[in-house]
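Input: a single structure, listed below in structure tokens.
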Amino acid sequence: MKVAIIGQGYVGLTISAFSGEYFEVVGFDNNSKIVDQLNKGISHIEGVENSTLQNWIKAGRYRATSQGSEIADSDLVVIAVPTPLTSDRKPDLSFIEAACKTVGENIKKPVLIINESTSFPGTLRNYIKPTIEKYSNSQIEHLYAISPERVDPGRGDYNQKNTPRLFAGLTPKASSRTREFYSKFCDHLVEVSSPEVAEAAKLFENTFRQVNIALVNEFAQIAHSLGISVYETLDASNTKPYGFMKFTPSAGVGGHCIPVDPTYLAAVAEENGAPATFIRRANEVNLEMSKYVVDRIEADLEGKLVGKSVLVVGVAYKPNIADVRETAAGPVIDHLRKRGAVVSWHDDIVKTWRGEISTPLSEAEITVVITKHDSVSEADIVASAPYVFDTTGILRHANCEIVRSL
Ligand SMILES: NC(=O)c1ccc[n+]([C@@H]2O[C@H](COP(=O)([O-])OP(=O)(O)OC[C@H]3O[C@@H](n4cnc5c(N)ncnc54)[C@H](O)[C@@H]3O)[C@@H](O)[C@H]2O)c1
Numbered sequence: 006m007k008v009a010i011i012g013q014g015y016v017g018l019t020i021s022a023f024s025g026e027y028f029e030v031v032g033f034d035n036n037s038k039i040v041d042q043l044n045k046g047i048s049h050i051e052g053v054e055n056s057t058l059q060n061w062i063k064a065g066r067y068r069a070t071s072q073g074s075e076i077a078d079s080d081l082v083v084i085a086v087p088t089p090l091t092s093d094r095k096p097d098l099s100f101i102e103a104a105c106k107t108v109g110e111n112i113k114k115p116v117l118i119i120n121e122s123t124s125f126p127g128t129l130r131n132y133i134k135p136t137i138e139k140y141s142n143s144q145i146e147h148l149y150a151i152s153p154e155r156v157d158p159g160r161g162d163y164n165q166k167n168t169p170r171l172f173a174g175l176t177p178k179a180s181s182r183t184r185e186f187y188s189k190f191c192d193h194l195v196e197v198s199s200p201e202v203a204e205a206a207k208l209f210e211n212t213f214r215q216v217n218i219a220l221v222n223e224f225a226q227i228a229h230s231l232g233i234s235v236y237e238t239l240d241a242s243n244t245k246p247y248g249f250m251k252f253t254p255s256a257g258v259g260g261h262c263i264p265v266d267p268t269y270l271a272a273v274a275e276e277n278g279a280p281a282t283f284i285r286r287a288n289e290v291n292l293e294m295s296k297y298v299v300d301r302i303e304a305d306l307e308g309k310l311v312g313k314s315v316l317v318v319g320v321a322y323k324p325n326i327a328d329v330r331e332t333a334a335g336p337v338i339d340h341l342r343k344r345g346a347v348v349s350w351h352d353d354i355v356k357t358w359r360g361e362i363s364t365p366l367s368e369a370e371i372t373v374v375i376t377k378h379d380s381v382s383e384a385d386i387v388a389s390a391p392y393v394f395d396t397t398g399i400l401r402h403a404n405c406e407i408v409r410s411l
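Per the numbering used here, numbering of the sequence shown is gapless, rising by one per residue and ending at 411.
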């Protein structure tokens with residue numbers, strides 16, 4: 006069976022790597038630089054090894070392309086393209102539309118089309134199917150299904166194989182073909198009664214995290230105002246064996262999922278006349294954390310940020326990966342610069358970002374830790390400045406006078 010995977014990023018390439026063992030895979034991506042690299046067997050995604058790609062390429066089971074015509078004889082299509090927000094923070098389905106255009110214009114026989122991109126309930130039924138039909142300009146009866154991706158990049162214990170996978174087809178035949186496909190490389194398949202339930206479940210999972218992160222971020226501010234340690238309090242709450250789940254505070258939420266997916270849920274809720282005030286407020290609390298962090302630093306320094314050299318450690322949105330999407334490091338740096346600080350940053354995984362390059366981990370007046378990769382030592386961070394503000398909570402164990410924590 007030949008499988009076309011539209012989008013060769015975190016999700017699409019990961020699926021390509023897993024399905025290459027069983028199927029002939031064509032990875033379609035409109036970024037020709039990525040395509041060239043992939044065809045040389047070079048992966049740009051943590052968790053997808055060069056050796057895996059090279060094996061599949063040698064065996065004739067993987068190739069990347071930017072040519073729509075190369076997906077024409079596929080039997081199954083997986084869509085894994087970005088679903089970001091527009092500049093006014095509304096769902097942006099333009100990448101989905103472009104993917105549907107590629108599929109519609111090139112596939113002229115009935116196939117199974119599975120969407121793995123995260124979007125609001127109704128996207129498969131009311132947007133993807135009609136858009137593909139519009140571009141295919143014919144009456145081809147494709148099968149349609151959704152299987153929202155749950156991959157957590159950089160994670161060792163859970164992967165495509167052992168993370169339960171939700172799915173639902175628009176028809177029973179679409180569901181059973183979807184089950185057949187994923188059962189080759191996923192241990193646990195969970196079929197739900199409609200695509201809308203699967204789409205909503207994915208959004209709710211990430212909204213659950215967003216709301217709990219906002220709650221702990223708000224609590225960090227309350228704890229500080231009370232003069233108690235947020236971390237010690239959380240550890241104390243966490244001794245309760247039921248009814249509590251520990252989240253930790255941070256400078257904000259990053260990545261594609263947590264800052265974005267809840268807004269998809271809120272948008273569809275409001276369109277249907279259901280208020281999403283709680284979700285909206287959680288988003289605001291998380292977005293406000295970067296300013297809170299800089300306020301705390303400024304207060305510690307008695308308002309003297311102008312001209313101070315500040316080193317921001319870790320600009321990726323989470324440890325041990327190079328992903329900087331929606332990273333809290335961005336607004337923290339912007340607030341620091343607006344208040345006159347001279348900011349550089351160190352991230353030995355990201356290396357270049359926003360037209361700037363990572364500077365060595367040394368010699369600043371102030372160090373602010375946003376993300377701590379395993380490759381960076383606590384001792385080096387502590388030695389980098391006479392004042393360190395740690396938003397990760399990791400350095401609180403350093404038991405060192407110069408370290409302040411959230
Ligand atoms: N990254 C994650 O951890 C994660 C987890 C679960 C779900 N998701 C969801 O999966 C979807 C994809 O996310 P991602 O992280 O893989 O994004 P990504 O940015 O890593 O990769 C997307 C790829 O799609 C390509 N692309 C964009 N438009 C295209 C088009 N029209 N045709 C072909 N290729 C196109 C881009 O060049 C890029 O290589 C999103 O909806 C995201 O919310 C992501």
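Beta carbons: idealized from backbone N, C-alpha and C, even for Gly.
Given the structure is predicted, the values throughout are model-derived calculations rather than measurements.
Residue i CB to nearest heavy atom of ligand 1 below 7 Å
i           : result
residue 75  : no
residue 16  : yes
residue 36  : yes
residue 79  : no
residue 354 : no
residue 107 : yes
residue 25  : no
residue 409 : no
residue 158 : yes
residue 126 : no
residue 100 : yes
residue 86  : yes
Secondary structure of residue i, DSSP reduced to three states
i           : result
residue 395 : strand
residue 327 : coil
residue 173 : strand
residue 32  : strand
residue 150 : strand
residue 86  : coil
residue 7   : strand
C-alpha gap between residue i and residue j, whole angstroms
i           : j           : result
residue 345 : residue 336 : 14 Å
residue 125 : residue 218 : 21 Å
residue 37  : residue 189 : 30 Å
residue 393 : residue 338 : 15 Å
residue 334 : residue 312 : 19 Å
residue 130 : residue 175 : 7 Å
residue 341 : residue 399 : 22 Å
residue 33  : residue 61  : 15 Å
residue 182 : residue 351 : 47 Å
residue 330 : residue 322 : 7 Å
residue 211 : residue 228 : 25 Å
residue 99  : residue 90  : 10 Å
residue 40  : residue 349 : 32 Å
residue 347 : residue 221 : 30 Å
CB-CB length for residue i against residue j, believed under 8 Å
i           : j           : result
residue 128 : residue 204 : 6 Å
Three CB pairs or more closer than 8 Å across the stretch 361-378 and the stretch 313-320 = Between the stretch 361-378 and the stretch 313-320 there are three or more inter-stretch CB-CB distances shorter than 8 Å, so the stretches are counted as touching.
Do the stretch 231-246 and the stretch 288-300 touch if we need at least three Cβ pairs shorter than 8 Å?
-> Short answer: they don't touch.
Is the stretch 253-265 in contact with the stretch 207-221, if contact means three or more CB pairs nearer than 8 Å?
-> Between the stretch 253-265 and the stretch 207-221 there are three or more C-beta pairs closer than 8 Å, enough to call the two in contact.
For the stretch 160-169 against the stretch 232-241, are there 3 or more C-beta pairs whose distance is under 8 Å?
-> Contact annotation: the stretch 160-169 does not touch the stretch 232-241, with fewer than three C-beta pairs closer than 8 Å.
Can we say the stretch 387-400 touches the stretch 352-361, given the rule of at least three CB pairs closer than 8 Å?
-> Contact between the stretch 387-400 and the stretch 352-361 is absent, because fewer than three Cβ pairs lie under 8 Å.
Evaluate the contact criterion for the stretch 261-277 versus the stretch 183-202: three or more CB pairs, one atom per stretch, below 8 Å.
-> No: fewer than three Cβ pairs fall under 8 Å.
Tell me, please, whether the stretch 51-69 touches the stretch 18-31 by the rule of three or more beta-carbon pairs shorter than 8 Å.
-> Touching, yes.
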